[in-house]
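S.K.: Throughout, this note's numbering is defined as the position within the sequence shown, counted from one, plus 133. My questions will all concern the structure given below.
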Amino acid sequence: MTSLSRDPSQFLPKEAREQFRKNNLTHISCSQFCAGYLQSNIACLPSNMADDFERLCINNSSPFPLLYRSQPGEVSAPPLASDSDVRSDLPLYAVSEDGILTRHVGDLMDIPWEAMVTFYFGCSFSFDHMLVAAQVPVRHMIKKKIPRCSLVKYRFSPRGLFWGIWWYPCG
């Protein structure tokens with residue numbers, strides 16, 4: 134575990150990605166990094182599921198505000214970040230198989246990527262620093278902890294393979 138020489142909110146996105154690639158910062162929540170920059174959530178899916186997932190995002194834009202859809206096999210997100218690689222630019226990844234969480238890993242380099250499509254959608258961490266600057270007491274920011282979230286039930290408009298009630302297990 135690497136200790137930081139400066140406040141993670143002062144990191145530029147490229148610097149944070151470089152540290153995440155080295156697996157140096159797995160103990161710090163992404164919410165603490167890169168004040169003033171857009172952050173996103175990702176979903177990486179086999180290309181045969183991508184069109185249905187994109188329609189799900191478009192028809193349910195509140196929980197899935199779509200920022201970018203990659204081409205199959207594309208690991209970067211040119212409109213969002215230069216010199217990025219979705220397989221290694223996060224501190225930790227949750228891997229699901231057949232809809233079941235199977236493991237957490239530091240990168241996705243062992244997963245065949247040729248047919249994978251990545252969806253980038255908006256994340257509330259993008260404005261947490263602004264709330265704190267406006268003196269809104271955001272507990273996880275003040276305590277520098279991983280955010281606590283509630284389990285949220287959201288009935289969304291189904292599309293293809295994606296249907297039912299989406300449960301957000303946060304935290």
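Glycine residues also receive a C-beta, built at the ideal position from the N, C-alpha and C atoms.
#1: Along the chain, which unbroken stretches of the beta strand (DSSP E) at least 3 residues long are found entirely within the segment 185–221?
#2: Taking the alpha-carbon positions, what's the residue 183 to residue 171 distance?
#3: Give the secondary structure of residue 176 by DSSP, where H, G and I count as helix, E and B as strand, and everything else as coil.
#4: For residue 168, name the three-state secondary structure that DSSP assigns.
#5: Count the other CB atoms within 10 Å of the CB of residue 222; is the residue buried (16 or more) or exposed (fewer)?
#6: Measure the alpha-carbon distance for residue 253 versus residue 202 and round it to whole angstroms.
#7: Take residue 370 and list the residues in its own chain whose beta-carbon comes closer than 6 Å to its own, dropping the five residues that flank it on each side.
#8: Take residue 220 and list the residues in its own chain whose beta-carbon comes closer than 7 Å to its own, dropping the five residues that flank it on each side.
M.R.: In short, the structure shows the following:
#1: Whole beta strand (DSSP E) segments, 3+ residues: 199–202.
#2: The alpha-carbon atoms of residue 183 and residue 171 are separated by roughly 23 Å.
#3: It is a strand residue.
#4: Coil.
#5: It is buried - the Cβ of residue 222 has at least 16 other Cβ atoms within 10 Å.
#6: A straight-line Cα-Cα distance of about 6 Å links residue 253 and residue 202.
#7: Because residue 370 is not part of the residues shown, which for the chain are 134 to 304, the question remains open.
#8: For residue 220, same chain residues with a beta-carbon under 7 Å away, outside a window of 5 residues either side, are 208, 240, 241, 242 and 246 in chain order.
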